[in-house]
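In my numbering, the protein residues as written are 47 to 444. What follows is one structure encoded as structure tokens, with my remarks underneath.
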């Protein structure tokens with residue numbers, strides 16, 4: 047294999063790594079040294095994309111931190127998870143200025159140190175974002191399955207947030223200090239990640255472990271809790287229909303208003319979007335790393351490996367809009383503070399008060415049976431059960 051040189055003779059193209067000094071060539075894996083260096087306009091195109099993503103993420107996540115951090119009505123345990131996710135997303139944006147400089151320079155600025163910082167930021171924010179999605183799924187399932195007392199306290203939420211940060215540490219610090227694995231340039235050599243190309247058993251075990259830790263486990267948690275969530279909603283609706291037949295009434299949810307139905311649809315759409323974004327953003331990168339460690343490495347061209355990195359950045363821009371824009375009170379705060387955004391959200395103060403009063407009056411008619419809420423049929427149809435959808439509405443606006 048030809049070694050990259052600062053300049054190539056005649057019409058021979060420059061190879062990746064041609065502009066790195068000889069003492070820094072060890073950073074570049076041999077896999078990349080056989081590919082021609084991309085034209086300068088490709089670096090500029092990626093720099094423009096990253097610049098747009100960086101500003102979109104900073105604005106979106108910045109607004110999330112501002113609104114949730116300064117609004118007393120939004121200071122609860124569940125919303126602390128949204129703030130935590132926004133911090134992880136902003137942490138990923140800290141890579142962006144480094145990437146812009148690298149792209150304009152057509153090389154890795156800072157060499158080994160710059161590569162380690164870039165990759166460590168990406169590892170911490172990526173793993174943290176993945177496990178934060180899982181924690182949010184758990185919180186929503188717990189809140190909806192136990193609507194009267196299932197909300198996590200701020201202390202409990204704080205402990206779970208600490209867990210998300212601890213979760214990021216092993217596979218961020220181990221390659222950073224080269225205890226297990228290492229960080230190396232990839233693709234156009236303007237980004238860095240953990241080494242998934244070295245052909246030895248140690249690297250393959252490392253890739254398999256980080257794949258399980260950062261992708262498989264969060265994915266399983268997300269699937270499990272959202273499946274339980276939708277199953278719980280369906281169970282309650284069926285239970286209400288059966289109870290209505292026993293009480294000889296048409297429906298126990300006749301007082302369900304259109305707003306409560308909209309909240310149910312909003313929760314369902316947000317949950318599916320969360321899962322879809324997680325899959326779309328991290329699956330391509332997971333596939334690339336698994337191919338690099340266990341598959342046919344000839345499939346991994348520099349351009350192919352740059353695409354998953356862009357996908358991971360895109361999700362950090364969309365997270366604040368998926369998680370926060372679906373929150374009614376957050377939308378109300380946006381409408382009040384930033385009217386130029388054109389967001390319209392009905393004021394829920396009156397309806398929420400009435401709904402809460404109904405729940406308080408009817409609590410005497412509730413029998414707790416495991417995870418279900420059942421109503422004593424001896425009390426008659428006059429004291430009908432609030433549907434899970436109405437309780438969802440109370441949870442979302444409180």
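We treat Cβ as the ideally placed atom computed from N, Cα and C, and that holds for glycine.
Beta carbon of residue i nearer than 8 Å to that of residue j
i           : j           : result
residue 191 : residue 75  : no
residue 250 : residue 339 : yes
residue 145 : residue 128 : no
residue 331 : residue 237 : no
residue 116 : residue 166 : no
residue 347 : residue 242 : no
residue 60  : residue 83  : yes
residue 178 : residue 130 : yes
residue 207 : residue 126 : yes
residue 136 : residue 101 : no
residue 231 : residue 154 : yes
residue 386 : residue 358 : no
residue 95  : residue 350 : no
residue 99  : residue 132 : no
residue 158 : residue 90  : no
residue 103 : residue 363 : yes
residue 187 : residue 274 : yes
residue 233 : residue 210 : no
residue 152 : residue 86  : yes
residue 235 : residue 367 : no
residue 222 : residue 162 : yes
Buried versus exposed call for residue i [16 or more other C-beta atoms within 10 Å across all chains shown]
i           : result
residue 378 : buried
residue 258 : exposed
residue 62  : buried
residue 288 : exposed
residue 55  : Here residue 55 scores only 44 on pLDDT, less than 50, and its place in the model should not be relied on; the value that follows carries that caveat. The residue in question, residue 55, is exposed, as its Cβ has fewer than 16 Cβ neighbours within 10 Å.
residue 264 : buried
residue 376 : buried
residue 80  : exposed
residue 272 : buried
residue 246 : exposed
residue 361 : buried
residue 256 : buried
residue 442 : Per-residue confidence for residue 442 stands at a pLDDT of 46, beneath the threshold of 50, marking its modelled position as unreliable; no derived number is given.
residue 252 : buried
residue 171 : buried
residue 109 : buried
residue 16  : Absent from the structure is residue 16, since the part of the chain shown begins at 47 and ends at 444.
residue 105 : exposed
residue 205 : exposed
residue 373 : buried
Residues bridged to residue i (per DSSP)
i           : result
residue 239 : 230
residue 82  : 61
CB contact below 8 Å: residue i versus chain B
i           : result
residue 247 : In the displayed structure, chain B is absent; only one protein chain is listed.
Three CB pairs or more closer than 8 Å across the stretch 322-331 and the stretch 223-238: They do not touch, by the three-pair rule.
Any alpha helix (DSSP H) of 4 or more consecutive residues that is wholly inside the stretch 348-395: 348-370, 374-383
Complete alpha helix (DSSP H) runs within the stretch 88-166 (minimum length 4 residues, chain order): If we require 4 residues or more, the alpha helix (DSSP H) runs fully inside the stretch 88-166 come out as 123-139, 141-151.
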